[in-house]
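Here is the structure we will look at, set down as structure tokens.
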Amino acid sequence: MKILALGDIVGEATLSFLSRTLPTKRKQLGADLVIANGENVCDVKGISPTAADALIDCGVDLLTSGNHVFDRRDIYDYLDSTKTLIRPLNYPAECPGEGARIVTSADGWKVLVLNVSGCAFMEALNNPFTSVERALDSYRGKYDLAVLDVHAEATSEKIAIARYFDGRLAAIFGTHTHVQTADERVLAGGTGYITDLGMTGPVDGILGVRAEEVIFKSRTHLPRRFTVAGGEIVAHGALFDVDAVTGRCKSVERVVFGASVSETRG
Ligand SMILES: [Fe+2]
Numbered sequence: 047m048k049i050l051a052l053g054d055i056v057g058e059a060t061l062s063f064l065s066r067t068l069p070t071k072r073k074q075l076g077a078d079l080v081i082a083n084g085e086n087v088c089d090v091k092g093i094s095p096t097a098a099d100a101l102i103d104c105g106v107d108l109l110t111s112g113n114h115v116f117d118r119r120d121i122y123d124y125l126d127s128t129k130t131l132i133r134p135l136n137y138p139a140e141c142p143g144e145g146a147r148i149v150t151s152a153d154g155w156k157v158l159v160l161n162v163s164g165c166a167f168m169e170a171l172n173n174p175f176t177s178v179e180r181a182l183d184s185y186r187g188k189y190d191l192a193v194l195d196v197h198a199e200a201t202s203e204k205i206a207i208a209r210y211f212d213g214r215l216a217a218i219f220g221t222h223t224h225v226q227t228a229d230e231r232v233l234a235g236g237t238g239y240i241t242d243l244g245m246t247g248p249v250d251g252i253l254g255v256r257a258e259e260v261i262f263k264s265r266t267h268l269p270r271r272f273t274v275a276g277g278e279i280v281a282h283g284a285l286f287d288v289d290a291v292t293g294r295c296k297s298v299e300r301v302v303f304g305a306s307v308s309e310t311r312g
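Here the sequence shown is numbered in this note's numbering, starting from 47 and rising by one per residue.
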């Protein structure tokens, strides 16, 4: 079976882009399951119930998230009632939503999707290793294969989590940095891995934000309100080809679609 995972979706224009492109892309790639990190889909941050529903209508089966998932109050009740949006497992139990969900792929496999946040250079949440371990224990025997979105800043922390759980999950992919890494591989234990899927959003800015605003803040350290960049939108992600019977990943391939690689100025 094939699992397409898309990196952080940024901005409402990207929602329209995905509604035009994702249904065809999903067919072309033969994806049986599509997972996407949707925590930044609203301009400028967060995710609303309407935007989450719209992403599901585009052909995403399950949305993961991260440190911006609670930015909008209107998502709290939605997180408690939806089956298609999860938040990192390692937030305190009082937080709305769940950190894991079983979804059925188009070819009939029960896939446990887990979402965890890193703690290096991020909020000091519960230990991500322990949180994933506990979730795997509590869902034991209820799923055919499992995948994990590690929403984290530090590459070393993502690789450490991947190596620790290698062989117990079919795929582990990182999100949050908005820049795709080129280290996709099948680890020794059979887990397909990539440190960061990259961003699905406007590539002419800086991580999806208008370049001049980020440059101003970086140069002066003065506060500046950020807005979503315009221009070309590109989707970044990875396609995991998994043997659902053994739970081992056969191959990982980076996926980029939507526009050219080079920029034009003027
Ligand atoms: Fe994030």
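Ideal Cβ placement from N, Cα and C applies to all residues, glycine included.
Proximity of residue i and residue j at Cβ, strictly below 8 angstroms
| i | j | result |
| --- | --- | --- |
| G105 | L191 | no |
| V159 | V274 | no |
| L50 | G283 | yes |
| I121 | T246 | no |
| G304 | T67 | yes |
| G220 | I252 | no |
| H218 | Y189 | Correcting the residue type first, residue 218 is Ile in the shown sequence and not His. No, Cβ-Cβ distance for I218 and Y189 is not below 8 angstroms. |
| D34 | S151 | With the chain covering only 47 through 312, there is no way to say anything about residue 34. |
| S163 | N86 | no |
| D126 | G145 | no |
| L285 | K48 | yes |
| R228 | A200 | As written in the sequence, residue 228 is Ala, which differs from the Arg given in the question. Not closer than 8 angstroms, so no. |
| L101 | L75 | no |
| C141 | V232 | no |
| C88 | R118 | yes |
| L52 | A281 | yes |
| G277 | P248 | yes |
| D242 | Q226 | yes |
| V178 | E230 | no |
| A198 | H222 | yes |
Which of helix, strand or coil DSSP assigns to residue i
| i | result |
| --- | --- |
| F262 | helix |
| E58 | helix |
| E203 | helix |
| Y122 | helix |
| I240 | strand |
| E278 | coil |
| R147 | strand |
| I218 | strand |
| A192 | strand |
| L182 | helix |
| A82 | strand |
| I93 | coil |
| L268 | coil |
| S177 | helix |
| D103 | helix |
| T67 | helix |
| L135 | coil |
| F303 | strand |
| G312 | Because G312 carries a pLDDT of 43, less than 50, the predicted location of this residue cannot be relied on, and the following value inherits that uncertainty. Coil at G312, not helix or strand. |
| R209 | helix |
| A257 | helix |
| L233 | coil |
| S297 | strand |
| A152 | coil |
| R163 | Residue identity differs from the one stated: residue 163 is Ser in this sequence, not Arg. DSSP places S163 in strand when its eight states are reduced to three. |
| A284 | strand |
| I171 | In the sequence on display, residue 171 carries Leu and not Ile. Here L171 sits in coil by DSSP. |
Cβ of residue i within 8 angstroms of any chain D Cβ
| i | result |
| --- | --- |
| G112 | Absent from the structure is chain D; it holds one protein chain and no more. |
Given 8 angstroms as the limit, is there contact between the stretch 167 to 174 and the stretch 129 to 148, that is, 3 or more CB pairs closer than that? They touch, by the three-pair rule.
At least 3 beta-carbon pairs within less than 8 angstroms: the stretch 105 to 122 vs the stretch 70 to 88: Contact between the stretch 105 to 122 and the stretch 70 to 88 is present, because at least three Cβ pairs lie under 8 angstroms.
Any heavy atom of ligand 1 nearer than 5 angstroms to the CB - residues listed: Those residues placing their Cβ nearer than 5 angstroms to any heavy atom of ligand 1 are, following chain order, G112, N113, H222.
Assess, as a yes-or-no matter, whether the stretch 194 to 210 is touched by the stretch 252 to 259 under the definition of 3 or more beta carbon pairs within less than 8 angstroms. Here the stretch 252 to 259 does not lie against the stretch 194 to 210, with fewer than 3 beta-carbon pairs under 8 angstroms apart.
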